[in-house]
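Every letter in the sequence shown is one number past the one before it in numbering that gives the first Met the number 0, and letter 157, counting from 1, is 156.
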Amino acid sequence: MRLAHLVLATILSSLSVVAFAATRPECHDEGRFRVIAKPAESVGTDFLVKQLGRGRSIPPCKYLVREGDFEIRNENAEYFLGLTGSFLVLDSGTAPEPRGLVIWDLQKRQKVFTGSYSKPVSIDESGITFWQPGGEATDTNCPQAAGWRAQGLGAALETEVRLGFADMKPVAGAATRCAARQ
């Protein structure tokens, strides 16, 4: 009996450490910005943006809102995807792909793009490359579609897209692929 109590106490202790670690803020630094991310109350993430200035020390990785900070509150289960220059790239949603894509311009303190995407994603200083739904999949243009339908899934065509941060306009590339859908 004593051993069972010890095992139970050890398990509960481990779970509380994991739960504590999951609620710690996570910091992302890029140029003039520190983005502090913390889990939202339900699903998703809240983001606190602190602008870094010359000669100022980098603030601690603590989610403490101060005057001059910019807070992005969780709306639709957003999660961190990337930070480059003044652009914060977020994943949005709880469903399988395609998922929501949200881009914030931290300098302007405004959302500058919303759309949908599928992975893989590549983010660099000039923009982001991702896959976007691009049409209906048929047995002719998507040989895997029949097999997916037999398994109770759907199918869609996706096009590789490049979105430049300068103009926020997605430009479709020549590459396409088939993707399963739930």
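Ideal placement from N, C-alpha and C gives every residue a C-beta, glycine not left out.
Bear in mind that the values here come from a model prediction, so they are computed numbers and not experimental data.
- Here the C-alpha atom of Asp166 lies approximately 18 Å from the C-alpha atom of Tyr116.
- In the three-state DSSP reduction, Arg148 falls in the helix class (H, G or I).
- Taking 8 Å as the cut-off, the beta carbon of Phe112 is found no closer than this to the beta carbon of Val160.
- Take the alpha-carbon of Ala155 and the one of Glu124: they are about 30 Å apart.
- In this structure, the straight-line span from the alpha carbon of Ala171 to that of Lys110 is close to 22 Å.
- For Ala178, the enclosing beta strand (DSSP E) covers residues Pro169 to Arg180.
- One alpha carbon belongs to Ala174, the other to Asp90, and they sit about 22 Å apart.
- According to the DSSP assignment, Arg98 belongs to the beta strand (DSSP E) that extends over Arg98 to Asp104.
- In this structure, DSSP gives Thr139 a state outside helix and strand, which the three-state scheme calls coil.
- Taking C-alpha positions only, Gly134 is separated from Glu157 by approximately 7 Å.
- Straight-line spacing of the CA atoms in Phe69 and Gln50 works out to 9 Å.
- Burial state of Ala145 is exposed, judged by a 10 Å Cβ sphere holding fewer than 16 other Cβ atoms.
- Contact check for Leu87 and Leu63: beta-carbon distance about 19 Å, past the 8 Å limit, so the pair fails to qualify.
- The beta carbons of Ile71 and Phe32 sit no closer together than 8 Å.
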